[in-house]
């Protein structure tokens, strides 16, 4: 949320700077060239200066962080799992180590998330958190049993991520985490990941 607030402040400042620069440029041009003092000329100069200033301000505007590119679904899942590790470390001061025991920390994080949001209308970003926590759970299973990640599956649908374990069992750890957030304790991930 803080990032969105900063972006709105930047837009307001950009608009104010644009108005000031446009006014100054229009005043400078019309005082130096008396032939351009008609309403039409002042209007055209104002619009032109406004577009020029906006273009310059947008060219210098701060860019958001570049999104990484992933060659495989496995790379994306490893990246997302690292996000979950960072969040748990920042929030609970717990180092996750991809052990079966570490799944309890993910369950706690999902429980807190589930209790903190309206389950019938989760805020934007909630599914992204489920992806990260699910990626961590999947990586725990993959490291223990072997296997590979895939995007989309006949059972899970197109936006799902499945993990096929070496024994040809297909699991959906991200779906488990999403259900845990939306349904609450009845869908705890410790039971699903065992």
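Numbering (this note's numbering), first residue to last: 11 to 204.
The C-beta atom is built at its ideal place from N, Cα and C for all residues, glycine as well.
Strand pairing of residue i, partner residues [DSSP]
{"i": "residue 172", "result": "160"}
{"i": "residue 181", "result": "173"}
Cut-off 6 Å between Cβ atoms - residues of its own chain near residue i, not counting five sequence neighbours on either side
{"i": "residue 128", "result": "none"}
Neighbourhood of residue i by C-beta distance below 8 Å, restricted to the same chain and skipping five residues each side
{"i": "residue 26", "result": "none"}
{"i": "residue 188", "result": "137, 140, 144"}
{"i": "residue 154", "result": "110"}
{"i": "residue 11", "result": "Note that residue 11 scores 36 on pLDDT, short of 50, meaning its location in the model is unreliable and no value can be drawn from it."}
7 Å CB neighbourhood of residue i in its chain, flanking five on each side removed
{"i": "residue 89", "result": "78, 80"}
{"i": "residue 158", "result": "84, 174"}
{"i": "residue 120", "result": "143, 187, 190, 191, 199"}
{"i": "residue 161", "result": "83, 171"}
CB contact flag (residue i, residue j, <7 Å)
{"i": "residue 64", "j": "residue 36", "result": "no"}
{"i": "residue 59", "j": "residue 24", "result": "no"}
{"i": "residue 146", "j": "residue 69", "result": "no"}
{"i": "residue 114", "j": "residue 98", "result": "no"}
{"i": "residue 40", "j": "residue 47", "result": "yes"}
{"i": "residue 176", "j": "residue 156", "result": "yes"}
- prompt: If you scan the region 33-83 from start to end, which runs of the alpha helix (DSSP H) of 4 or more residues do you find wholly inside it?
  reply: Entirely contained in the region 33-83, the alpha helix (DSSP H) runs reaching 4 residues are, in chain order, 49-69.
- request: Indicate whether the contact test is met: 3 or more Cβ pairs, each with one atom in the region 93-110 and one in the region 149-158, closer than 8 Å.
  value: Touching, yes, given that three or more Cβ pairs across the two stretches are closer than 8 Å.
field: beta strand (DSSP E) runs contained entirely in the region 96-140, provided each spans 3 or more residues
entry: Within the region 96-140, no run of beta strand (DSSP E) at least 3 residues long lies entirely inside it.
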